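If you read the sequence shown in the UniProt record's numbering, its first letter stands for residue 1, the second for the next number, and so on.
Here's the structure, in C-alpha cells; my notes come after.
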Amino acid sequence: MADQPTKQKLWGGRFTGKTDPLMHAFNQSLKYDQRMHAVDIRGSIAYAKALTLVGILTQEEQTKITDGLTTVGQEWEKGVFIVKEDDEDIHTANERRLSELIGPLGGKLHTGRSRNDQVATDMRLWLLGEVKDVESNLKGLIRVMVERADKEVDILMPGYTHLQRGQPIRWSHLLLSHALSFHNDLERLQQLIPRISVLPLGSGALAGNPFAVDRDFLAKELGFISVAENSMWGVGDRDFIVEFLMWSSLTMTHMSRLAEDLIIYSTSEFGFVTLSDAYSTGSSIMPQKKNPDSLELLRGKSGRLFGNMAGFLMTLKGLPSTYNKDLQEDKEPLFDTVDNISACLKIAEGVVATMNVHGEKMLQALTMDVLATDLADYLVRKGVPFRETHHVSGRAVALAESRKCQLNELTLQDFQTLNGKFANDVHDIFDFEASVERRSAIGGPSRKMILRQISFLRTGLAN
Ligand code: ARG
C-alpha cells in the first residue's frame with residue numbers, strides 16, 4: 001500500500017517518500033506478467049547455478065535457493081501464491097517470496113543480475129515455448145486444408161479475378177493457394193526462432209556482469225541457441241517481439257483473406273460452401289439466418305493483431321538505449337497476440353475441417369464464357385497470334401450474348417464467320433475438366449499439379 005514505508009519495496013533503499021497509490025497501481029505489471037512465473041523461476045535456478053560456479057554461492061546455498069524457488073514455482077502452479085501489495089512484477093514477487101521462505105540468503109540471488117536482463121530473458125523463454133504451440137496449431141490448419149484438397153480434387157469451380165468469373169479451376173487449387181500462404185508463414189515462424197533464442201541473462205542492468213558468470217553455461221542450461229553479444233543490446237532489444245507481432249499480422253492477413261473467400265462463398269447467392277453449425281450462429285430477430293461469425297471474427301481479429309504490432313512499434317520508436325520502463329508495454333500486446341493467434345488457428349482449422357462443400361453449385365456457376373480464354377488458345381494452336389485470337393474470342397462472346405445463348409451454342413458457321421481457322425473440333429473446347437487439365441504447367445490446376453502441390457505442402461509439414 002502506498003502508505004507503507006517504501007523501504008518495503010525491493011528497491012526502496014534510496015527512497016524516503018511514499019509512492020502515490022495511483023502510481024503504485026500504474027507501475028505494477030504483476031497482474032499480467034505473472035503468466036511468466038514458470039520461466040522466471042527457471043531463469044533464477046539457472047542463475048543460482050552460475051553464481052555457484054563463480055563462487056558467489058556455496059553449494060549448500062545454491063541448494064537452498066533452488067529448493068526455495070521450486071516451492072515458489074509450485075505455489076504458482078497450485079494457485080496458492082499469495083500476492084502482496086508491494087509485489088511490483090513477477091520478478092519482485094518471486095524474490096520476495098523466496099526470501100520469506102529461506103531468509104536473507106534469498107537476497108544473494110540477485111547478485112550481478114538486474115530485472116533488466118531478467119525480464120528480457122523471461123520474455124524470450126516464454127515466447128519460445130509459445131512459438132512451439134503456435135507452430136503446431138498452424139500445422140494443424142495447413143494439414144486439414146491439404147487433406148480436403150486431396151479428397152475433393154474432382155470438384156471444379158470458376159476461379160475469380162476482380163470477383164468476376166475468370167477461368168475454370170479445381171476447388172482444391174483455391175484451397176491450396178491459401179494453404180501455400182500458411183506454408184510460407186510456417187517457414188517464416190521457424191526462421192524467427194534463432195533470433196528469439198538469444199540469451200540476455202548476464203547483461204546486468206546494462207553494462208554486463210561483474211562476477212564473470214559463464215554465459216555459455218547459462219545459455220546451455222536454459223536451452224538458448226546463442227548469447228547476446230552486447231549487454232546494452234541484451235537489455236534493450238525487443239525486436240524479437242516486434243518480429244513475432246509482424247509475423248502474426250501477416251499470418252492474420254492470410255487468415256482474413258481466406259475468411260473473406262469463405263464468407264462470400266457461403267452466401268445464398270454463391271452457395272458454394274455451408275459452414276457447420278458448430279462454427280455459425282443465428283440471428284436474434286431473423287429466424288432463417290445462419291451467420292458465419294467464426295469467419296467474421298477471424299477477419300476482424302486481423303485488425304486487432306495488426307494494431308498490437310503498430311502500437312508496440314510506436315512504443316519502441318524514439319526510446320533511448322537500453323532499458324526504459326516503456327518496455328514494460330511489450331507484454332500486453334504480445335500476450336494478446338499469442339492468445340488470439342492460437343485461438344484463430346484452431347478455429348480456422350475447425351471451420352475448414354467441418355464445412356460442407358457443394359460441388360454441384362460450383363459446377364452450375366461454371367458458365368461457358370469462362371472458356372473464352374480456351375477458345376482464344378484454340379486458335380493459337382492453329383497458328384493465329386494470341387492478340388488476334390483474344391479479339392476473335394471476344395467477338396464470339398459478344399455474339400453469344402446478343403443471341404442470349406451460351407458460347408458453345410454458337411454453330412461452326414458462326415465461328416467460321418469470325419475466323420476461317422475454326423474447324424469441327426472447336427466444340428471440344430467446351431469441357432471444363434479438359435480446360436483445367438490443359439493447365440498442366442507447374443503451378444496449374446491440372447490433377448497432376450494439384451498432387452504436386454499436396455506433396456510439396458506435406459513435405460513442409462514434416463519439418
Ligand atoms: N516489470 C518490468 C518490465 O516488465 C521489469 C523490469 C524492470 N526494470 C527496471 N529497471 N525497473 O519491463
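Even glycine gets a Cβ: it sits at the ideal position worked out from N, Cα and C.
Model, not experiment: these values are computed from the prediction.
Looking at the structure shown, is residue 439 part of a helix, part of a strand, or coil, going by DSSP? Correct three-state label for residue 439: coil.
How is residue 94 classed by DSSP in three states: helix, strand or coil? Assigned with DSSP and collapsed to three states, residue 94 falls in helix.
Count Cβ pairs between the region 432-452 and the region 393-412 that sit closer than 8 angstroms; are there 3 or more? The answer is no - the region 393-412 does not touch the region 432-452, with fewer than three Cβ pairs under 8 angstroms.
Endpoints, alpha helix (DSSP H) assigned at residue 59: Unbroken alpha helix (DSSP H) run through residue 59: 59-78.
Any alpha helix (DSSP H) of 4 or more consecutive residues that is wholly inside the region 157-226: As far as the region 157-226 is concerned, its whole alpha helix (DSSP H) runs of at least 4 residues are 171-196 and 215-222.
Does any heavy atom of ligand 1 sit closer than 8 angstroms to the C-beta of residue 328? Indeed, a heavy atom of ligand 1 lies less than 8 angstroms from the Cβ.
Would you identify the three-state DSSP class for residue 356, choosing helix, strand or coil? In the structure shown, residue 356 sits in a strand (DSSP, three-state: E or B).
Nearest CA to the CA of residue 226: which residue from 20, 236, 215 and 235? Here the closest residue by C-alpha is 215.
My understanding is that residue 217 touches residue 32, with C-beta atoms under 8 angstroms, so please give their C-beta distance in whole angstroms. Beta-carbon to beta-carbon, residue 217 and residue 32 are separated by about 31 angstroms, too far to satisfy the 8 angstroms threshold.
Could you tell me the alpha carbon to alpha carbon distance between residue 155 and residue 254, rounded to whole angstroms? One alpha carbon belongs to residue 155, the other to residue 254, and they sit about 23 angstroms apart.
Could you round the C-beta distance between residue 377 and residue 399 to whole angstroms and report it? I think they count as a contact, below 8 angstroms. The Cβ separation is near 19 angstroms, so there is no contact.
Would you call residue 1 buried or exposed, if buried means 16 or more other Cβ atoms sit within 10 Å of its Cβ? Only weak support is given to the placement of residue 1: the predicted model assigns it a pLDDT of 40, under 50, and the value that follows is read from those uncertain coordinates. Exposed is the call here.
Where does residue 464 fall in DSSP's three states? This structure gives no information on residue 464, because the portion of the chain shown stretches from 1 to 463.
Per the contact definition of three or more C-beta pairs closer than 8 angstroms, is the region 235-253 in contact with the region 110-129? The region 110-129 makes contact with the region 235-253; the number of CB pairs closer than 8 angstroms reaches 3 or more.
On the CB-based measure, 16 or more other CB atoms within 10 Å of its CB, does residue 386 come out buried or exposed? Its Cβ having fewer than 16 others within 10 Å, residue 386 is exposed.
Along the chain, where does the alpha helix (DSSP H) that runs through residue 85 open and close? Taken as a continuous stretch (DSSP letters only), residue 85 belongs to no alpha helix (DSSP H), as it is neither H nor E.
Just reading off the alpha helix (DSSP H) that residue 21 is part of, what are its end residues? Annotation for residue 21: the continuous alpha helix (DSSP H) segment containing it runs 21-27.
Can the beta-carbon of residue 140 be found less than 9 angstroms from the beta-carbon of residue 349? Cβ atoms of residue 140 and residue 349: closer than 9 angstroms.
Residue 384 in three-state terms, based on DSSP: If DSSP states are grouped into helix, strand and coil, residue 384 belongs with coil.
Would the region 195-204 and the region 71-91 be scored as touching if the rule is three or more Cβ pairs under 8 angstroms? A contact is defined here as three or more CB-CB pairs under 8 angstroms, and the region 195-204 fails this definition with respect to the region 71-91.
How many angstroms separate the CA atom of residue 71 from the CA atom of residue 132? Within the model, the alpha-carbon separation for residue 71 versus residue 132 is close to 27 angstroms.
What's the gap between the Cα of residue 286 and the Cα of residue 169? Rounded to the nearest whole angstrom, the C-alpha separation of residue 286 and residue 169 is 35 angstroms.
Look at residue 393 and residue 379 and say whether their C-beta atoms are less than 9 angstroms apart. Cβ atoms of residue 393 and residue 379: closer than 9 angstroms.
With 16 other CB atoms within 10 Å as the buried threshold, where does residue 294 fall? Buried.
Confirm the yes/no value for this check: CB of residue 487, any heavy atom of ligand 1, distance under 8 angstroms. The structure shown has nothing for residue 487, since the chain only spans 1 to 463.
Alpha carbon to alpha carbon, how far is residue 266 from residue 39? So the two alpha carbons sit approximately 44 angstroms from each other.
How should residue 48 be labelled, buried or exposed, when 16 other C-beta atoms within 10 angstroms of its C-beta is the threshold for buried? Per the 10 Å Cβ criterion, buried.
Could you tell me the distance, in whole angstroms, from the CA atom of residue 4 to the CA atom of residue 112? Model confidence at residue 4 stands at a pLDDT of 47, short of 50, so the residue's coordinates are unreliable; what they give is reported in the following sentence. Straight-line spacing of the CA atoms in residue 4 and residue 112 works out to 28 angstroms.
Who are the near neighbours of residue 428 in its chain, counting only those whose CB is closer than 8 angstroms to its CB and skipping five residues on each side? Excluding positions up to five away in sequence, the list reads 434.
Neighbourhood of residue 110 by C-beta distance below 7 angstroms, restricted to the same chain and skipping five residues each side: Taking residue 110 as the centre and dropping the five residues before and after it, the same chain places the C-beta of 95 closer than 7 angstroms to its C-beta, in chain order.
8 angstroms contact criterion, which residue 205 and residue 172 should meet: CB distance rounded: Residue 172 and residue 205 do not touch by the CB rule: their CB atoms are close to 56 angstroms apart, not below 8 angstroms.
Check: residue 9 C-beta below 8 angstroms from any heavy atom of ligand 1: For residue 9, the distance from the CB to the nearest heavy atom of ligand 1 is not below 8 angstroms.
With contact counted as at least three CB pairs below 8 angstroms, one residue from each stretch, are the region 336-355 and the region 297-309 in contact? Touching, yes.
Looking at the structure shown, is residue 482 part of a helix, part of a strand, or coil, going by DSSP? In the structure as shown, the chain starts at 1 and stops at 463, and residue 482 therefore has no counterpart that could be examined.
With H, G and I counted as helix, E and B as strand and the rest as coil, what does DSSP make of residue 134? Correct three-state label for residue 134: helix.
Flag residue 160 as yes when its Cβ comes closer than 8 angstroms to any non-hydrogen atom of ligand 1, and as no otherwise. Checking the Cβ of residue 160 against ligand 1 gives no.
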